[in-house]
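Just below is one structure, and these are the notes that go with it.
Chains as they are written, first to last, in the working numbering: chain A, 42 to 426; chain B, 42 to 426.
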């Protein structure tokens, strides 16, 4: 009887309100009933993105949204600058290369954030750069990149800032319009607490202008068609009905629990508590200087085989955390605190890591991690008594 | 977005396997399909009770089962001995008095177990006693009464041992036949991890003999009719179809996770860890000498208002624990570890209590409770590496 706890950075746990909404009998998508739900979800998505523009809701995962971001704004031979500091930075480069773009890369040490000065230098060196491609939160290295500073660099150039917000949208307050993001993408299975299968994407006025000139081929992901359909409260192709219903339910959950400000505050609090707990148990953070509020990377002791460690936590203890990717494989774990996560998910994660470390022969004093987290987490419960 | 954690001694959390089974379209109860499920659930219930006799499955809560235990075995004017050491001991007396029985009572200090010698003395003083009525686990005081020792007293007398096993069946290993229990009752919403609404009850051969002579009126709860229906894999009146389906699913969950031995071992382990955690945080146990493995009673510091404390934990922190009943109201909390509970439920409960105590002005060193529990709980995860 292993109870399962999902503490990986996606898919994340789905709240009962969304599960139950999605379990209702499916309705047809070309009906006034669904249009009402679709319009409501679209309105919620605009709030989530912090934009007055339309947010397209695609039956796709986030990677499809990343591809759409490029195919809808670029033409073959266009130069783009990729911030490559992790697996998802690599993905930007792969997509761009697949479509025949000319890719400049800034290689960023995994676990650190990009230096805006390096981006500025590259843009100065290549004034023909049509887009900067970056992750707001690089999930593989648990780093938060300085998107607002990058936006300051692209704003006055003929260059778009294209942001993979897959583990930042709904996690950190980064309103698209006010920040100056030109294309923003996210997926349903992260802070939106839904099963995978839905990508959200929005374009700034500047990006739509690029779209008019973009020559890359796109059909299913043609956002001009989606924008037009949105005006009629529908999508160009069959929408992912149950996920849209679930998204609408999630927006109601968020609205009924303090709205987006509380959503961001919660992620910040859980991330701080997790980091404090990790440090208290004597482990090192992967990204101490610019940590993502979505997930926390932790260096394992050298004596511990990370593959066996995460397998033990998952299969023996019931606690699923993420391991490392690329050259971090086997060396780190990632404790997520994104989406439908709370105080006790942090406590579960930290106490489980302590027990697993002990099991792997590491000298651990039980309770240190939870205690440091409790200190931070207890504050929110202050009574007005 | 308050995530809810249910750490009260019933209803207890329901595992997904049972929720999903109960969510399937309902089937008719007079069909071969349902009979097969019913027969399988009845077989599981016999294993659960440790009896070769039939276990009746009534659409009722445990209290209905308690009433059936009396009405099916007693006649007006019969003398019974009630072990009264908590709210549920009082309930035995109330039911017995309602039906015109003559009630002797052994008053037991709340938080302690009955002394078998006192029961022996009462039986010697009143050789006409027809039944001893006792809780195996007195939920209100978190005490485990010494049922095997009581069975040794009733076995050779014309006296039944009638046991409320509502928070002991499925929690502690106490096989009905081998122990010498004459009537055993439980409810679905405790160790059986189901919603409330199902009572299980079984009678020994001796109790069935009493039943033949029992003159108390009973209609819905006439167990002779239920015993006869069981032979045809059905119940006398409409069975609680979805709960029977759920019960069958729960028996499969138990079977697939080490069976009843592991079920009992888990309850023992969680109870030990909870008690260690409570003591480590400097609090006193309500029942240190004979604690129930189902739930742990904890004296709150005198400065803490228990009513406000449990309300704060439930409404502000999302963690539902039970308070005290009767004269313990406001003075204790009860942390349950019964049914679908695991390591991390214990950690959640203890860390939440620490944070709530701090909130109520009590001097708490965070992490002490979880640490003591982790020490005990970590052992089960030993690899064979």
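Just so you know, even glycine gets a beta-carbon here, dropped at the ideal spot from N, CA and C. Note that the coordinates shown come from a computational prediction; the quantities given were computed from them, not determined experimentally.
Under the 9 Å criterion on CB atoms, residue 411 (chain A) is classed as interfacial with respect to chain B. Taken in chain order, the whole beta strand (DSSP E) runs of length 3 or more contained in the region 320-352 of chain B are 336-340. Checking the DSSP bridge columns, you'll see residue 125 (chain A) partnered with A:148. Using beta-carbon distances, residue 403 (chain B) does not count as an interface residue toward chain A, since no partner is under 9 Å.
Residue contact with chain A for residue 357 (chain B): present (Cβ-Cβ distance below 9 Å to some residue of chain A).
Assigned with DSSP and collapsed to three states, residue 205 (chain B) falls in strand.
At least one beta carbon of chain B lies nearer than 9 Å to the beta carbon of residue 384 (chain A). For residue 365 (chain A), the CB contacts under 7 Å within the same chain, skipping 5 residues up- and downstream, are 347, 371, 372 and 373 in chain order. Residues of the region 302-317 of chain B whose Cβ lies closer than 9 Å to any Cβ of chain A, in chain order: 303, 304 and 307. In the DSSP assignment, residue 360 (chain B) forms a beta bridge with B:46. Proximity to residue 54 (chain B) across B:100, B:92, B:172 and B:229 peaks at B:229, based on C-alpha coordinates.
When A:186, A:123 and A:226 are compared, the shortest CA-CA separation from residue 87 (chain A) is found for A:226. Burial of residue 379 (chain A) is indicated by the presence of at least 16 other C-beta atoms within 10 angstroms of its C-beta. DSSP, reduced to helix, strand and coil, places residue 423 (chain B) outside both helices and strands of the structure shown, so it counts as coil. Annotation for residue 245 (chain B): 223 place their beta carbon closer than 6 Å to its own, counting only its chain and skipping 5 residues before and after. Contact between residue 185 (chain B) and residue 164 (chain B) does not hold, since their C-beta atoms are separated by about 21 Å, which reaches or exceeds 8 Å. Residue contact check for residue 338 (chain A) against chain B: no CB pair falls below 9 Å. Contact of residue 242 (chain A) with chain B is not assigned, every C-beta pair being separated by 9 Å or more.
Proximity to residue 130 (chain A) across A:148, A:360, A:140 and A:167 peaks at A:148, based on C-alpha coordinates. Straight-line measurement puts the Cα of residue 287 (chain A) at about 13 Å from the Cα of residue 232 (chain A).
Contact of residue 381 (chain B) with chain A is assigned, a C-beta pair being separated by under 9 Å.
Burial check for residue 353 (chain A): the Cβ neighbour count within 10 Å reaches 16 or more, so the residue is buried. Its chain contains 332, 334, 337 and 378 as the residues whose beta carbon lies nearer than 7 Å to that of residue 312 (chain A), once the 5 sequence neighbours on both sides are disregarded; these appear in chain order.
Within the DSSP secondary-structure output, residue 271 (chain B) pairs in no beta bridge. Taking the CA atoms as reference points, residue 344 (chain A) sits about 29 Å from residue 387 (chain B). DSSP, read as helix, strand or coil, puts residue 366 (chain B) in coil.
No Cβ of chain A is located within less than 9 Å of the beta carbon of residue 292 (chain B). Per DSSP, reduced to three states, the secondary structure at residue 238 (chain B) is coil, with no helix or strand assignment.
Look at residue 112 (chain B) here: in three-state DSSP terms it is helix. Beta-bridge pairing by DSSP links residue 176 (chain A) to A:205. By the CB criterion at 9 Å, residue 91 (chain A) and residue 219 (chain A) fall inside the cutoff. At least one CB atom of chain B sits nearer than 9 Å to the CB of residue 389 (chain A). Contact between the region 100-119 of chain B and the region 290-297 of chain B is absent: fewer than three C-beta pairs spanning the two stretches fall below 8 Å. When the beta-carbon positions are compared, residue 209 (chain A) and residue 243 (chain A) stay at least 9 Å from each other.
Per the C-alpha coordinates, the member of A:212, A:216, A:171 and A:187 positioned closest to residue 201 (chain A) is A:171. By the rule that beta-carbons nearer than 9 Å mark a contact, residue 140 (chain B) does not touch chain A.
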